[in-house]
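Just so it is clear: in the sequence shown, position 59 is 58 by numbering that gives the first Met the number 0, and no numbers are missing.
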Amino acid sequence: MPMGKQERSGVRWASRIFLALYAFALLIFLIGTFGWFGQETDPLSGVFLIPLGLPWNLLGDRLGLAGVAVGLLSPAINAGILIWLAKRRRAT
0 MPMGKQERSG
10 VRWASRIFLA
20 LYAFALLIFL
30 IGTFGWFGQE
40 TDPLSGVFLI
50 PLGLPWNLLG
60 DRLGLAGVAV
70 GLLSPAINAG
80 ILIWLAKRRR
90 AT
């Protein structure tokens, strides 16, 4: 079933908002981890990446893949899915 113009636009906006939140969470993680801009190092600086990476970070934890790479790349999987949906909707 073909999607309407508003529905395609909604998927594009959702992917843009998600990518902006992902970039912001990565920036906060890097600032807190490496102490950039005079900020003290904070072990909880990656907490904003957790909800963006659900359910993939939980799956990685269950498989024994817990680590920084899983925490950083889990939101990228969701971003890839959203971008794929936006392109798929655009093609129809």
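Cβ atoms here follow ideal geometry from the backbone N, Cα and C, with glycine treated the same way. For clarity, every value in this text was computed on a predicted model and none was experimentally measured.
Review point. CB-CB under 7 angstroms to Leu18, same chain, minus the five flanking residues each way: which ones, in chain order?
Key: On the sequence shown, position 19 is the one that residue 18 refers to. Around Leu18: Ala78.
Check your understanding: Does DSSP put Asp60 in a helix, a strand or coil?
Key -> Here residue 60 refers to the residue found at position 61 of the sequence shown. It is helical.
Practice item. Rounded to whole angstroms, what's the CA-CA distance from Ala24 to Leu84? Just pull it up for me. Key: Walking along the sequence shown from the start, residue 24 turns up at place 25. Walking along the sequence shown from the start, residue 84 turns up at place 85. Rounded to the nearest angstrom, the two C-alpha atoms are 22 angstroms apart.
Review point. Mind checking whether Tyr21 and Pro74 have CB atoms under 7 angstroms apart?
Key: Taking the sequence shown and counting its residues from 1, one reaches residue 21 at position 22. Taking the sequence shown and counting its residues from 1, one reaches residue 74 at position 75. For Tyr21 and Pro74, yes; Cβs fall inside 7 angstroms.
**Study point:** Buried/exposed call for Ser8, threshold 16 Cβ in 10 Å
**Key:** The residue labelled residue 8 in the question sits at position 9 within the sequence shown. Around the Cβ of Ser8, a 10 Å sphere holds fewer than 16 other Cβ atoms; the residue is exposed.
Review point. With a CB to CB cut of under 6 angstroms and the five nearest residues on each side skipped, what residues in its chain are close to Arg11?
Key: Taking the sequence shown and counting its residues from 1, one reaches residue 11 at position 12. Here the set comprises Ala85.
Point to revise | Candidates Arg15, Ile80, Ile27: closest to Ile49 by CA position | key: Locating residue 49 in the sequence shown gives position 50, counting from the first residue. The residue with the shortest Cα to Cα distance from Ile49 is Ile27.
Check your understanding: What did DSSP end up calling Gly31 once you bin it into helix, strand or coil?
Key -> As a working mapping, residue 31 is identified with position 32 in the sequence shown. Residue state, collapsed to three classes: helix.
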